[in-house]
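In the numbering used here, the protein residues as written are 12 to 323. Glycine residues also receive a C-beta, built at the ideal position from the N, C-alpha and C atoms. Worksheet: the structure to be examined is printed underneath.
What follows is the structure, encoded as structure tokens:
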């Protein structure tokens, strides 16, 4: 691969800004190791989109910007408009993955199981909320419709704590997903280019796999490949690829899944998974001999030689 002038963007002001900076720094370091001329830019809010002239000297933008603007299609739409190649999924797929409601509807449309769920709006009153969740059975999990890193999510054991959980979710999004909590094992399947990685099992040491368990050392065990039946593992890989292509993802992504020992349920698709020392995609890739730099090289190649997929 020829030497490229690469701009790595990260940071921002969303609740995921700190994780974004870790991802950005890891990708920046990898670009340098691969021999590229890389620049790391921690960008505040929308300022990045006010400087199109600055982009002209770069061959590629590596997107490490999690959360609002960076992961929801805004930056992707801007880069598509100005004609600058960038890593990861395009505007459409990014916006779909950030919207859990849309993701679930697409998964259901193509026959991939997802937990029974409902969407609650910030202005819905108690009566409407009760009607919308009447088909669901406790325990539930409540999370913002547009947020990552488990931020704003709550385990809800009974109706007495539902409104508090919704109130927390509404601090991050005007809609909340309420879904049945699937008791079982937490799995993730990563995709890099056209390689579907082996399923990885996440075993938090006490409690849920929340923000703290994701990013603090020693709180979570990761098993890869996951100790699940071969037929289940193969089916998970097939359905992960089906979801990836149906949504129109490119470059890399990750499916988050629960498995109860009999059946698996897709929770969401992450179009811009973390690339930190704690992140799941690098851990799964390492199990098949793919280094962090191998991942970065593949992501860059996919961006420079685009085969972007769009929803049919």
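I need the boundaries of the alpha helix (DSSP H) containing residue i, first residue and last residue.
i           : result
residue 260 : Note, residue 260: premise wrong, no alpha helix (DSSP H); not H, not E.
residue 140 : 137 to 143
residue 63  : 63 to 66
Using the beta-carbon count (16 or more within 10 Å), is residue i buried or exposed?
i           : result
residue 33  : buried
residue 182 : exposed
residue 274 : exposed
residue 49  : buried
residue 98  : buried
residue 323 : Unreliable placement is indicated for residue 323, whose pLDDT of 35 sits below 50; the coordinate value is still reported in the next sentence. Exposed, since its Cβ has fewer than 16 Cβ neighbours within 10 Å.
residue 156 : buried
residue 238 : exposed
residue 201 : buried
residue 154 : buried
Would you report the Cα separation of residue i and residue j, rounded to the nearest angstrom?
i           : j           : result
residue 139 : residue 145 : 10 angstroms
residue 26  : residue 78  : 7 angstroms
residue 51  : residue 93  : 20 angstroms
residue 124 : residue 16  : 42 angstroms
residue 128 : residue 149 : 11 angstroms
residue 104 : residue 290 : 21 angstroms
residue 288 : residue 302 : 12 angstroms
residue 276 : residue 211 : 15 angstroms
residue 296 : residue 192 : 28 angstroms
residue 306 : residue 190 : 33 angstroms
residue 135 : residue 184 : 14 angstroms
residue 173 : residue 252 : 34 angstroms
residue 245 : residue 298 : 16 angstroms
Taking the Cβ atom as the reference point for each residue, do residue i and residue j lie within a distance shorter than 7 angstroms?
i           : j           : result
residue 95  : residue 74  : no
residue 76  : residue 31  : yes
residue 254 : residue 266 : yes
residue 22  : residue 28  : yes
residue 87  : residue 102 : yes
residue 45  : residue 313 : no
residue 234 : residue 108 : no
residue 232 : residue 214 : yes
residue 187 : residue 117 : no
residue 263 : residue 203 : yes
How far does the beta strand (DSSP E) with residue i in it extend, from its first residue to its last?
i           : result
residue 50  : 48 to 53
residue 152 : 151 to 155
residue 129 : 128 to 132
residue 15  : Careful: residue 15 lies outside any beta strand (DSSP E) and carries neither H nor E.
residue 211 : 211 to 215
Sequence ranges, alpha helix (DSSP H) only - wholly within the region 272 to 312, length at least 4: 291 to 297
Suppose only complete runs of 3+ residues qualify. What are the beta strand (DSSP E) ranges in the region 167 to 204, listed by chain order? 186 to 191, 196 to 203
Fully enclosed by the region 71 to 104, which alpha helix (DSSP H) runs are 4 residues long or longer? 85 to 93
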